[in-house]
Each structure stands twice: as C-alpha cells, then as structure tokens.
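Numbers in the working numbering are just positions in the sequence shown, counted from 1, shifted up by 26. We put the CB at the ideal spot given by N, CA and C, even for glycine. The structure presented is a predicted model; accordingly, all values stated were derived computationally and were not measured. Working notes, structure below.
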Amino acid sequence: MTSNDPTDPPLRDVAQSPEATARYLADVQRVLLDIEKSLEILALETRVHLRETHVTGDRWYHARLRAMPVEKALGNVLKNLNKLTDGLEKSAYKRRAHDEAVENTAQERKEKKLEKQQKKNPQPLQAAPNPSQQDAKNQDSRYGRPTSIYDLSDRESA
C-alpha cells in the first residue's frame, strides 16, 4: 500500500504499519542511546574540569558551587533523554496494542450484539419436574425419603 508519490508526507508508510513503526522507533532509540553515552562522558569530563577550576581567593567549595548549575543542566538533559527513550519504547507497544484492539473490535461488537439479543429474547427455561411425580417414583424406594437415624425400622445396618 506504499506509493511513490512525492507529495506524500514522509513516514506515512511507517505510520501505517505497527512493525515498521516499531523498527523506526527502535532505530531512533539506538541513536539516542549512542548520544546518551557521549553526553554521560561529556558530563563527567565537564564536572572534573569545572571542579578543578579555582580562582585566587576561593575557598575549597567555591569551585564546586560554581560547577553545580552546569552539572545540574547536563544531568537534566540526561534525565530527559532517558525519559525520551523510554517513551519511544512505550509508543511502539501502544502502536501494536492499537492495531490489536482495532482487529478485535469487530468480534467484540458481534459478541455484545448477541448478548444483547439474548437478554431481549431469553430462551425459555425448562420447567422443573413436578415434586408429586418425583414422590410417586421414589415412594417405593426405601432410600428416597428422609428418615432419622433412630427410625431404622426395617433397614439393615452396614
């Protein structure tokens, strides 16, 4: 269902297939994970350099205090990058779940329609056997009627 029309928006064929979407998002995630490794190294090297930069008259903690905003900014970038990669993975699963839900919707609607029809037109229940007829059948059976353990008149014990 892909076309070679140059006026088609990019990634249309990727968006139409959950497998293609998953592959594309996995590729983007790989690139971002490579960038994350580089940013982690950059953050560590920046931290070391900034904390070693002392100015005449500094106390021992001044360099650390000056470095904290830069370290925090790089840390936020890394944290947001991790959230982004997690979101890409979640998006791929949601895309696949969407297609599965679309496929199952027709069947679910059919089942609901049948349930609704059964509620509107319930099947007639079979009547229970008449107790007087059962008593007539069981009347000649010695074990059919309730008795007390003290009333074992003509029964034999086990």
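With DSSP as the reference, label residue i as helix, strand or coil.
| i | result |
| --- | --- |
| Asp34 | coil |
| Asn147 | coil |
| His88 | helix |
| Ala154 | coil |
| His80 | coil |
Which word fits residue i, buried or exposed, when buried means at least 16 other C-beta atoms lie within 10 angstroms of its C-beta?
| i | result |
| --- | --- |
| Leu37 | exposed |
| Ala154 | exposed |
| Leu91 | exposed |
| Ala118 | buried |
Is the CB-CB distance between residue i and residue j below 8 Å?
| i | j | result |
| --- | --- | --- |
| Val103 | Leu76 | no |
| Arg122 | Pro44 | yes |
| Leu70 | Thr111 | no |
| Ala46 | Asp39 | yes |
| Glu115 | Gln55 | yes |
| Ala89 | Thr79 | yes |
Give me the Cα-Cα distance between residue i and residue j, rounded to the nearest whole angstrom.
| i | j | result |
| --- | --- | --- |
| Asp125 | Arg73 | 46 Å |
| Ala48 | Glu62 | 20 Å |
| Gln143 | Glu137 | 10 Å |
| Ala93 | Ala127 | 50 Å |
| Ile67 | Asn130 | 47 Å |
| Asn147 | Lys139 | 12 Å |
| Thr33 | Tyr50 | 21 Å |
| Val185 | Ala41 | Residue 185 cannot be examined here, being either before or after the span of the chain that is shown, 27 to 184. |
| Gln149 | Glu141 | 12 Å |
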